Amino acid sequence: GDSVTQMEGPVTLSEEAFLTINCTYTATGYPSLFWYVQYPGEGLQLLLKATKADDKGSNKGFEATYRKETTSFHLEKGSVQVSDSAVYFCALTIPSGGYNKLIFGAGTRLAVHP
Amino acid sequence: DTAVSQTPKYLVTQMGNDKSIKCEQNLGHDTMYWYKQDSKKFLKIMFSYNNKELIINETVPNRFSPKSPDKAHLNLHINSLELGDSAVYFCASSQDWDEGETQYFGPGTRLLVL
Numbered sequence: 869g870d871s872v873t874q875m876e877g878p879v880t881l882s883e884e885a886f887l888t889i890n891c892t893y894t895a896t897g898y899p900s901l902f903w904y905v906q907y908p909g910e911g912l913q914l915l916l917k918a919t920k921a922d923d924k925g926s927n928k929g930f931e932a933t934y935r936k937e938t939t940s941f942h943l944e945k946g947s948v949q950v951s952d953s954a955v956y957f958c959a960l961t962i963p964s965g966g967y968n969k970l971i972f973g974a975g976t977r978l979a980v981h982p
Numbered sequence: 431d432t433a434v435s436q437t438p439k440y441l442v443t444q445m446g447n448d449k450s451i452k453c454e455q456n457l458g459h460d461t462m463y464w465y466k467q468d469s470k471k472f473l474k475i476m477f478s479y480n481n482k483e484l485i486i487n488e489t490v491p492n493r494f495s496p497k498s499p500d501k502a503h504l505n506l507h508i509n510s511l512e513l514g515d516s517a518v519y520f521c522a523s524s525q526d527w528d529e530g531e532t533q534y535f536g537p538g539t540r541l542l543v544l
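So the protein lines, in turn, are chains A and B. So the number in my numbering is just where the residue sits in the first sequence, counting from 1, plus 868. So the number in my numbering is just where the residue sits in the second sequence, counting from 1, plus 430.
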């Protein structure tokens, strides 16, 4: 079935380090792909998305590129800040009758230290 | 103004009780959702309504009953609460139910069943 696999956390980095959080997916057809972020005690916020192959989503210094050949949507940021500490969720929606149902990965906790 | 709001924010109750969680969105969206986040942060869709009609109904015990009095509101009623119902419940909305539409999440309702 359709699913999302994320790298397990927690990921612990020092401020200004480079961040990569891996995300791969299994889906029928060509899904839309999303990264959502959940700050402590809050709801989810859309970070970025890509709706077709080779699209790059970007926001707040984060980027992810929709790679159809490797079925991946890895999240990257060149220089993380303490304020980026949160749980990051990769997700997809399925075309063709999926009714915009978000299927989430397990989430990756990021902790950034000064 | 909060875009997607939920009440209550916290709910502590005894096993066997019946409780409701309310959700309202002021974004003018046609589609609303309920998601459950378990203790390991895993998120899974429960229901979705489009213009007051049920369009997604995942494998959820029938003790859970959503109700949409109008397209700006989607409430979740839970009968005969069980320990396993303890979780954070998130409401979300999107402009419509087309695949790939961005979903906007509420702050969550943390339910604890004792």
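Just so it is clear, CB atoms sit at the ideal spot from N, CA and C, and this is done for glycine as well. A quick note: this is a predicted structure, and the numbers were derived from the prediction, not measured.
{"Check": "Which residues mark the beginning and the end of the beta strand (DSSP E) in which residue 462 of chain B is found?", "Outcome": "461–467"}
{"Check": "Using only alpha-carbon positions, find the residue among A:906, A:929, A:971, A:880 that is nearest to residue 982 of chain A.", "Outcome": "A:880"}
{"Check": "Might you give, ordered along the chain, the residues of its own chain that have their beta carbon closer than 8 Å to the beta carbon of residue 439 of chain B, omitting 5 neighbours on each side?", "Outcome": "537, 538, 539, 540"}
{"Check": "Going by the DSSP bridge assignment, what does residue 436 of chain B pair with across the sheet?", "Outcome": "B:453"}
{"Check": "Quick one: which chain A residues come within Cβ less than 7 Å of residue 524 of chain B?", "Outcome": "968"}
{"Check": "Going by Cα to Cα distance, which pick from B:459, B:505, B:465, B:501 is closest to residue 519 of chain B?", "Outcome": "B:465"}
{"Check": "Give the interface partners of residue 974 of chain A over in chain B, defined as CB-CB distance under 8 Å, in chain order.", "Outcome": "470, 471, 472"}
{"Check": "Cutting at 6 Å between CB atoms, please list the residues of its own chain near residue 955 of chain A, excluding the five before and the five after it.", "Outcome": "906, 975, 977"}
{"Check": "Starting from the Cα of residue 884 of chain A, find the closest Cα among A:971, A:953, A:959, A:939 and give me that residue.", "Outcome": "A:953"}
{"Check": "CA-CA distance, residue 493 of chain B and residue 468 of chain B?", "Outcome": "17 Å"}
{"Check": "Could you check what DSSP says for residue 951 of chain A in three-state terms: helix, strand or coil?", "Outcome": "helix"}
{"Check": "To the nearest angstrom, how far is the alpha carbon of residue 937 of chain A from that of residue 450 of chain B?", "Outcome": "45 Å"}
{"Check": "Would you be able to state if there are at least three C-beta pairs under 8 Å between the segment 940–951 of chain A and the segment 892–904 of chain A?", "Outcome": "yes"}
{"Check": "Please return the same chain residues whose Cβ sits closer than 8 Å to the Cβ of residue 888 of chain A, not counting the five positions on each side in sequence.", "Outcome": "942, 943, 944"}
{"Check": "Assuming contact is defined by CB atoms lying nearer than 8 Å, are residue 967 of chain A and residue 485 of chain B in contact in what I supplied?", "Outcome": "yes"}
{"Check": "List the residues of chain B that residue 911 of chain A touches, going by C-beta distances under 7 Å, in chain order.", "Outcome": "520, 535, 536, 537, 538"}
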